[in-house]
Amino acid sequence: MNNLQALKTLSYANVRRILRIWIQTIVPPAITTALYFLIFGALIGRRIGEMPGYEGLSYIEFMVPGLIMLSVITNSYANVASAFFGTKFQKSIEEILVSPMPSWAIMCGFLVGGIARGFLVGLVVVVTSLFFVQITIDNFTLTLLSILLTSILFSLLGLLNGIYAKSFDDVSIVPTFVLTPLIYLGGIFYSINILPEEWQLISQINPILYIVNFFRYAMLGSSEIDPLIGICLISAFTIVSFLLAYHLIRKGVGIRD
Amino acid sequence: MYALEIKDLKKTYSNKVEALKGIDLNVSKGDFFALLGPNGAGKSTVIGIISSLVNKSSGHVKVCGIDIDENFSLAKSKLGVVNQEFNFSQFEKVIDIIVTQAGYYGVDYKTAVERAEKYLKKLGLWDKRNDQARMLSGGQKRRIMIIKAMIHEPELLILDEPTAGVDIELRRSLWDFLLEINQQGTTIILTTHYLEEAENLCRNIAIIDGGDIIENTSMNSLLKQIDDQVFIVETEKVVPKDFSLPGYPVQDISENKFSVILKKNKNLNDLFKAQELEDLNVKNIRNQTNRLEELFVKLTSKNE
Chain A
1 MNNLQALKTL
11 SYANVRRILR
21 IWIQTIVPPA
31 ITTALYFLIF
41 GALIGRRIGE
51 MPGYEGLSYI
61 EFMVPGLIML
71 SVITNSYANV
81 ASAFFGTKFQ
91 KSIEEILVSP
101 MPSWAIMCGF
111 LVGGIARGFL
121 VGLVVVVTSL
131 FFVQITIDNF
141 TLTLLSILLT
151 SILFSLLGLL
161 NGIYAKSFDD
171 VSIVPTFVLT
181 PLIYLGGIFY
191 SINILPEEWQ
201 LISQINPILY
211 IVNFFRYAML
221 GSSEIDPLIG
231 ICLISAFTIV
241 SFLLAYHLIR
251 KGVGIRD
Chain B
1 MYALEIKDLK
11 KTYSNKVEAL
21 KGIDLNVSKG
31 DFFALLGPNG
41 AGKSTVIGII
51 SSLVNKSSGH
61 VKVCGIDIDE
71 NFSLAKSKLG
81 VVNQEFNFSQ
91 FEKVIDIIVT
101 QAGYYGVDYK
111 TAVERAEKYL
121 KKLGLWDKRN
131 DQARMLSGGQ
141 KRRIMIIKAM
151 IHEPELLILD
161 EPTAGVDIEL
171 RRSLWDFLLE
181 INQQGTTIIL
191 TTHYLEEAEN
201 LCRNIAIIDG
211 GDIIENTSMN
221 SLLKQIDDQV
231 FIVETEKVVP
241 KDFSLPGYPV
251 QDISENKFSV
261 ILKKNKNLND
271 LFKAQELEDL
281 NVKNIRNQTN
291 RLEELFVKLT
301 SKNE
C-alpha cells in the first residue's frame, strides 16, 4: 500500500475543494481585511498616530500582523472543521474509511487543506494590505514558520471540532462563541499596554495573545510579550491536539458506529 | 481458501440494539454469494464491520486470509464495497471522484486514469466523465458506486443492494458486468431485495434474520427445499367449474384460467402429459411467484 500516494490524493482533494469554492474561501477575507484597513487603519488609525511601545510604528502598520493572524487562524480552523464535517454529512468519509489509508494519513490530508487555506488567505491579506501601507518583514523565515505552526494548530483544533460535530450548528458554535472573542481580545487591534492593569492580567490567560505577539515579533522585530512563550505555547498545544485527534480518528469517534 | 471468514461475530450498538448475535460465515474464493435478509436483519452491519465503517463488539473476520485485527489496511486493500447510499461528493466531477478513490488505495495517478477510462466506458459513463455527480440520474450514480469499488481491482467485492431503484435494462446490464468480473476471478457477495437477482446470479446463499444466520447453503439445495410450486395455466377452451387433474390439486378456476399445485414429489413432465390439459388446449403455463421469494418469506417468518 502506497500511503504517500493516498496522503497526496486526500491533500489534493482538500486543496481542490478550497479552489473550487474560492468565492467562499478566498474572497471574503480579502473584502473584510480591506474594510478593516480602510476604517480602522486609514480613517480612525490616522487620528491615533504612533503606537505606544512601538517606536516609529503607525497604527495601521501595527495592525497588519494581527489581521494576517486573524485570517490564518479563522480560515485554517473553518476549513478543516467544515471539510471534515462535510465529508461526514455527505457520507463521503466512507470513501476514505473503507480504503487502507492509515489514520495519520487521513489526519494529515485534512490538515494540508487547512494549512493551504491559511497560507493562501494570509497571502491575500498581505496583498490587500499593500494597497494601504508599505510592509517590511523583519524575519522572513520566522514569519513563515509562525504562519505554518499557527495554521497547523488551528487546523488540528478545527479537525477536533469536525470530529465531534453532529450538525452544522456544532461547526459554527466554537468559532462564533469561543474563537472570535479570543482573537479580537488577543491584541490584534490594540496593545495590551493600553489596558488597565487588571485587564492586562486577564488578557494574559488568552493564548491567542501570545500567538499574535509571536507573529508580530517575526514581522516587525518587536512585540510586547516574549516570542519564546508564543512558540512554546503553539508547539505544546499542537502536540497535544495532534495526539488527541490521532487517538479519536484511530478509535473512530464520530465517524464509525 | 476463503475470500471471507467470519467467526462468532457480535455487534451491539450504543443504543443497546443487538444487531449480530454471533454469526459464522465462510465465502469461498471465486464464489458469487448472496447474503439475504429482511430490513434490519444485520446485513449492513456485517458489511460495515468488514469494511471498517462499524466497530465490532467481538468475533473474528478474515478477508482473503488476513485477520482485520492484525492488518486491517492490508485486508481493506483486497476489498471493494458498494454501499447502499451514495457516498461521494455530489459537487465533484465524475472522473475526479473515481481517480480520487483510486488514490486512496495508493493507485498512482496514471494507472487510476487508465482504469477510470476502462470502467467508465464499460459501464456507459464515459460521456459523463466531466459532469458534476449531482447532475447524474440515480442509475448513473449507482454505476459510479460500482466503478469506485472496482477501481483498485479488489479480490472481494461486496455489493449492498447495488440495483435498488434502477430500471430493468440497467439492472440486467449490471448483472452481465458482475458475472463477467466474477468469471475473471473476483469473489462477489451480494445483498439484494430482488430475490430473482440472487437466484439468477448466486451459487451460494446465506439468510440472516434478527442477527442470526438462519440458512447457509447452496442455491440449488435451498431451492430443493421448496415443497409446493403454483403454476397458472391459461387455456383456449373454457375451464369447467368442476375441473380437476388427478394427483394435482386445482384452484382458482375462472373462464380460461386456473392454478395447479405441483407437489415436491411430482414431476412437471407428467403434468404436461395429462389428457385433461390437452383437452383444454393450453395456451400458456407460468410459475405464479418467484420460488426463492416464497421460501425466503417462509424462513424469515418462522423466525418471528
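Line by line, the protein sequences are chains A and B.
Residues in the first sequence are numbered consecutively from 1, following the UniProt record's numbering.
Residues in the second sequence are numbered consecutively from 1, following the UniProt record's numbering.
Glycine included, C-beta positions come from ideal geometry on N, C-alpha and C.
The structure displayed is predicted, hence computed values, not measured ones.
Starting from residue i, find everything on chain A with Cβ-Cβ shorter than 7 Å and list it in chain order.
i, result
"Thr-187(B)", "The premise fails here: Thr-187(B) is roughly 17 Å from chain A at the closest Cβ pair, so nothing lies under 7 Å."
"Thr-100(B)", "Thr-9, Ala-13"
"Val-81(B)", "Val-98"
Short of 8 Å in beta carbon distance, which residues of its chain neighbour residue i, apart from the five on each side in sequence? Order them along the chain.
i, result
"Ala-102(B)", "Thr-111, Ala-112, Arg-115, Ala-116, Ile-151, His-152"
"Gly-48(B)", "Val-54"
"Tyr-36(A)", "Met-63, Leu-67"
"Ala-19(B)", "Lys-11, Thr-12, Tyr-13, Gly-42, Thr-45, Gly-211"
"Thr-238(A)", "Leu-149, Ile-152, Leu-153, Leu-156"
In terms of residue numbering, what span does the beta strand (DSSP E) encompassing residue i cover?
i, result
"Ala-34(B)", "32–36"
"Tyr-2(B)", "2–12"
"Gly-22(B)", "18–28"
"Val-80(A)", "Careful: Val-80(A) lies outside any beta strand (DSSP E), inside the alpha helix (DSSP H) at 59–89."
"Gly-59(B)", "58–63"
"Asp-160(B)", "156–160"
"Lys-257(B)", "257–263"
"Lys-283(B)", "282–287"
"Leu-111(A)", "No beta strand (DSSP E) holds Leu-111(A); the alpha helix (DSSP H) holding it covers 103–129."
"Ser-254(B)", "250–254"
Going by the CB atoms, is the gap between residue j and residue i shorter than 8 Å?
i, j, result
"Ala-206(B)", "Asn-220(B)", "no"
"Leu-209(A)", "Ile-225(A)", "yes"
"Pro-162(B)", "Ile-146(B)", "yes"
"Met-219(A)", "Thr-143(A)", "yes"
"Trp-104(A)", "Tyr-246(A)", "yes"
"Ile-106(A)", "Ser-76(A)", "no"
"residue 322(B)", "Lys-21(B)", "Since the displayed chain B opens at 1 and closes at 304, residue 322(B) lies outside it and no answer follows."
"Ile-98(B)", "Asn-130(B)", "no"
"residue 258(A)", "Val-171(A)", "This structure gives no information on residue 258(A), because the portion of chain A shown stretches from 1 to 257."
"Glu-92(B)", "Gln-140(B)", "no"
"residue 260(A)", "Ile-173(A)", "One cannot answer for residue 260(A) here, as it falls past the ends of chain A, which runs 1 to 257."
"Ile-255(A)", "Ile-93(A)", "yes"
"Pro-100(A)", "Tyr-105(B)", "yes"
"Ile-158(B)", "Val-81(B)", "yes"
"Ala-83(A)", "Arg-16(A)", "no"
"Ser-52(B)", "Val-98(A)", "yes"
Listing by chain order, which chain A residues have their CB less than 9 Å from the CB of residue i?
i, result
"Glu-85(B)", "Lys-91, Glu-94"
"Tyr-119(B)", "Those within 9 Å of Tyr-119(B) in chain A number zero; the least Cβ separation is about 16 Å."
At a CB-CB cut-off below 8 Å, which residues of chain A make contact with residue i?
i, result
"Asn-55(B)", "Gly-252, Arg-256, Asp-257"
"Tyr-13(B)", "Asp-257"
Leaving out the 5 sequence neighbours to the left and right, which residues in its chain are closer than 6 Å to residue i when beta-carbon positions are compared?
i, result
"residue 305(B)", "Chain B is shown from 1 up to 304; residue 305(B) falls before or after that span and cannot be answered."
"Ala-34(B)", "Leu-190, Ala-198, Cys-202, Ile-205"
"Glu-236(B)", "Asn-281, Lys-283"
"Thr-192(B)", "Glu-161, Ala-198"
Less than 7 Å between C-beta atoms, sequence neighbours within five positions excluded: which residues of the same chain meet that for residue i?
i, result
"Tyr-217(A)", "Ser-223, Pro-227"
"Ser-44(B)", "Gln-84, Asp-160"
"Arg-142(B)", "Pro-162, Val-166"
"Glu-61(A)", "Val-133"
"Gly-158(A)", "Ser-76, Tyr-77, Ala-78, Asn-79, Val-80, Ala-81, Gly-114"
Given that residue i touches chain B, what residues does it touch there, using C-beta distances under 9 Å?
i, result
"Met-14(A)", "Looking at the sequence provided, one finds Asn at residue 14(A) rather than Met. In chain order: nothing, as chain B lies at least about 11 Å away."
"Met-101(A)", "Ser-73, Lys-76, Tyr-104, Tyr-105, Gly-106"
"Asn-3(A)", "Ser-73, Gly-106"
Under 8 Å Cβ-Cβ, which residues of chain B neighbour residue i?
i, result
"Leu-97(A)", "Ser-51, Ser-52, Leu-53"
"Asn-161(A)", "Within 8 Å Cβ-Cβ: nothing; Asn-161(A) doesn't reach chain B, min ~20 Å."
"Asn-79(A)", "Ordered by position in chain B, no residue passes the 8 Å Cβ test against Asn-79(A), which lies about 15 Å from the chain."
"Ala-6(A)", "Gly-103, Tyr-104, Tyr-105, Gly-106"
"Asn-213(A)", "Those do not exist, as Asn-213(A) stays about 40 Å from chain B at its closest Cβ, beyond 8 Å."
Provide the residue span of the alpha helix (DSSP H) that contains residue i, from first to last.
i, result
"Phe-177(B)", "168–183"
"Arg-216(A)", "207–220"
"Ser-155(A)", "140–164"
"Thr-45(B)", "43–50"
"Leu-123(B)", "Per DSSP, Leu-123(B) belongs to no alpha helix (DSSP H) and is neither H nor E."
"Ile-26(A)", "First-last for Ile-26(A): undefined, no H or E at that position."
"Gln-200(A)", "197–203"
"Val-99(B)", "94–104"
"Asp-226(A)", "Where Asp-226(A) is concerned, there is no enclosing alpha helix (DSSP H), given that its DSSP letter is neither H nor E."
*Taking Cβ-Cβ distances below 9 Å as the criterion, which residues of the segment 25–48 of chain B are in contact with chain A?*
Thr-45, Gly-48
*Output, in sequence order along the chain, the residues in the segment 156–188 of chain A whose CB is closer than 7 Å to any CB in chain B.*
none
_Residues from the segment 56–69 of chain B in contact with chain A, defined by Cβ distance under 9 Å_ = none
_What are the residues in the segment 88–99 of chain B lying within 9 Å of chain A by C-beta distance?_
Phe-88, Ser-89, Gln-90, Phe-91, Glu-92, Asp-96, Ile-97, Val-99
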